Structure formats: structure tokens, C-alpha cells
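Residue numbers (our numbering): 11 to 417.
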């Protein structure tokens, strides 16, 4: 590897200090990036536009939020509970879940986007099954799973990428789409095996849907947005419905609809194949939301709910735009990754916003020295695919730097 510059070494040393202070890898990458005027984001989980800038926030939600703020002048508590039936129908339609299953789903609207949806799902699972004692998830998954497990008094356990978790007294979490950090997309046979395992256990399973449709973004070159979303439903969600397995589906609007700064609610759906469980699930959702202080909603949540019901086409246009930017970046990476150590990470087995690369010793200082900021964990770096510049010369240079750092 190229000998790192003094600047790169100094940033690496600062990263070590931040880690020792208790910051996690995502926080460290963000702090370091903000301190470097020349820094370029290759790690933080936002969609970038090819010039290093964040994708534009959803115009549909911005307008809806402005309207909702104007309604908030009176000093009243406000929520959208009367609209939840409409919201559930719209959310299932966005996810391309057939309407015939509408009555088998219960809906909750947790604050804090996808993070809130995940935490509320785990809390509801504990209310419904007091025997649950561990939270299990794939290796290299979202670090917050471990934090949520710790806060809720559960043991955190990891299992292999693509595997099914079959332990008793366990709430298993699967990515319903590309794996959060590695980009590995589960094969249909793997999803079916997980669904069969979930059905056999009889307990609840949690599907984390942070990146709806992201695994098939590159298909937009020939397929429609609707076809991409239908394919994602067929491969990630339908196997669990077909198996008759009860599951939570935690959906984040953040990356799908480019709502990063606004942070609207998450959408939490519970699939209840048995009618007699629906009332208990509804009660568990109510209890978990009240305990979280989410019984009332902030204006952006109300705006998002209204937009999902009345202006879903506008939100879906923002989603499609983000997927097209991702597809553009993926095509460029595949071109630059050929015959390099990056090639496997951009094969057909991987998709979505991130890749998790094994890197050489000193890779952090070398990349920091070039003002590139992925998210580093021991021996690895998480790469935000959309960080690649649209400019071909600069993209080729950056890809070569990552290839040199890779094992």
C-alpha cells in the first residue's frame, strides 16, 4: 500500500480516540468527515448525488410538512389515529403486498423512523412472548441491534450471513432486502428456508425492511419501478406469508423516500395468520408506543402519514429517483472493480447501498489521507456505493484507491 500521509495518520489516531470515548463506527465516520473540508462521504448512510452532495429531500414530504406546521398553531395534542386504516392500505400497496392480506396485518406508527420501528417491534415481541431471552441477527449487521438488545435485557447473538436462526426463546432478525452493511442479497431459497424455520418455531420473526427495493435497483435499466417493488415483495416478504409464519415488518421511509433530515415515523406491520392473535398484537403495539411516548405525533409524522395516503405517487417518485442513482453508481463500480479485489463485492450476489470490504492494515490512514471517509470496523470498511463521483476520471481514481486498500 501507498505510505500514508501525516494527515491520514493524524485522522486515524483521532478515530482511535473517538472509539475509546465510546463513539460507534458510524458516529466516528460522521465526526471525522465534518472536520475535513475536503472530506468525501463514502460511509454515512445517505444517498449521494454523484457530486458528493446528499440527494434532495422529498419535495412531496417538504410541502406536506409545511402544510402540517401551519395547522399546528393551536396548542393541542394531535395524531392521525383516525387515518391508520387508510395508512395501512397505502403502506401495503407501496410494498406491493396483495390487498387480500390487508385484514391479517396490524399497524403501528413509531416515531424515529426505522430505528423506532425496530425497537417497537422488539418491545411488542417481549410483551407477546415473555419467554424470549435473546435477539439473533446476521454477522456484520446494524450495530444498533446489540444496543437495543442490551437496553431491553436480551442477549445478542450473531449467525452466519444467509443462514436461518432456529434457537428457542429467540427473536430472529432478517434483512428483508440487501444486508445492511455488506450488501449481500439473500437468495430466494434462503428466504424460503428462513420462512419455513419461522413457521416451524411458531414464534415471532422480525423482518428489517430499511431498504425497500434497493436490492433490485439495477433492474431499472429494463424494468419499471413497479416491477422492482413487486419482485422485492415476491422474494423478501411473500415466502413468510406463504409459510404462515407470524412476523413483524419494520419499514423505514428514510432512505426510500429521501426524508433524512425530517425523520418521519417508521411503519411497523405485524402479519398475524391467526385471527385470534390480532387483538393481542394491537394491544402490544399500543402498550409499546405509550411506553415510548409515541401516542401523539410530531408534525412531520402527521405530514408523512397524509402524504402516504394522498400523495403516495410523489413519494414513490422520490424512491425511484434514489434507486436510479444507486443503479448508476453500481454500474460504475462494476466497471472499475473488474479484475481487482473489489470484483466479488460487486458481483450479482451483492446489491444495495453498502458493501463491507476486508482491508489491509493501515487502510484507514491511507484512505483518510486521500480525504475518503468510509465507516471502519476492525479489518473492514463499509462503503457507501453512491459516494462514487459521477465524474469518470475521479471515479476511476477513487475505485483504484479502494481496490489498493482491499484484501
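Yeah, the Cβ is synthetic: ideal placement off N, Cα and C, and Gly gets one too.
Small disclaimer: the values here were computed from a predicted structure and weren't measured.
Just how far apart, CA to CA, sit residue i and residue j?
i	j	result
residue 353	residue 193	13 Å
residue 227	residue 84	43 Å
residue 412	residue 223	26 Å
residue 135	residue 214	7 Å
residue 394	residue 40	13 Å
residue 372	residue 271	34 Å
residue 255	residue 348	41 Å
residue 252	residue 48	51 Å
residue 404	residue 366	21 Å
residue 75	residue 13	50 Å
residue 96	residue 265	23 Å
residue 54	residue 206	35 Å
residue 262	residue 30	31 Å
residue 374	residue 43	13 Å
residue 268	residue 46	25 Å
residue 50	residue 328	24 Å
residue 201	residue 400	34 Å
residue 325	residue 114	25 Å
residue 7	residue 86	Residue 7 lies beyond the residue range present for the chain, which begins at 11 and ends at 417; the question has no answer from this structure.
residue 111	residue 243	13 Å
residue 138	residue 257	12 Å
residue 219	residue 26	32 Å
residue 317	residue 78	11 Å
residue 211	residue 149	22 Å
residue 356	residue 289	45 Å
residue 154	residue 126	11 Å
residue 37	residue 330	28 Å
residue 104	residue 248	14 Å
residue 410	residue 60	17 Å
residue 100	residue 168	34 Å
residue 237	residue 32	44 Å
residue 389	residue 377	14 Å
residue 285	residue 414	56 Å
residue 338	residue 162	40 Å
residue 196	residue 174	11 Å
residue 229	residue 240	12 Å
residue 406	residue 346	6 Å
residue 133	residue 151	19 Å
List the DSSP bridge partners of residue i.
i	result
residue 224	Note: residue 224 sits in no beta bridge, so no partner.
residue 383	51
residue 185	218
residue 416	369
residue 260	218 and 278
residue 391	367 and 386
residue 360	194
Thinking residue i and residue j are a contact (beta carbons under 8 Å), I'd like their distance in whole angstroms, please.
i	j	result
residue 246	residue 186	4 Å
residue 333	residue 396	Not a contact, Cβ separation roughly 11 Å.
residue 275	residue 119	5 Å
residue 408	residue 417	Not confirmed; about 18 Å, so no contact.
residue 94	residue 117	6 Å
residue 278	residue 260	5 Å
residue 35	residue 385	5 Å
residue 360	residue 52	In fact, because the Cβ distance is near 16 Å, the residues do not count as touching under 8 Å.
residue 216	residue 131	5 Å
residue 89	residue 307	5 Å
residue 363	residue 184	Not confirmed; about 18 Å, so no contact.
residue 123	residue 273	5 Å
Please confirm if residue i has its CB atom under 9 Å from at least one CB of chain D.
i	result
residue 13	The structure shown contains no chain D; it is built from a single protein chain.
Does the pairing of the stretch 289-300 with the stretch 13-31 give three or more beta-carbon distances under 8 Å? no
Contiguous beta strand (DSSP E) assignments of at least 3 residues, all confined to the stretch 105-182: 115-118, 144-148 and 165-169
For the stretch 290-353, which segments carrying the beta strand (DSSP E) assignment without a break, of at least 3 residues, lie completely within its bounds, in sequence order? Positions of the beta strand (DSSP E) runs, each at least 3 residues long and wholly inside the stretch 290-353, cannot be given because no such run exists.
Could you tell me whether the stretch 312-321 touches the stretch 60-67, where touching means 3 or more Cβ pairs closer than 8 Å? no
With a threshold of 8 Å, are at least 3 pairs of Cβ atoms found where one atom belongs to the stretch 170-186 and the other to the stretch 140-160? yes
Go through the stretch 39-94 residue by residue and report every complete run of the alpha helix (DSSP H) that reaches 4 residues or more, in order. 69-81
Going residue by residue through the stretch 228-256, where are the continuous alpha helix (DSSP H) segments of at least 4 residues, counting only ones entirely within it? 235-246 and 248-253
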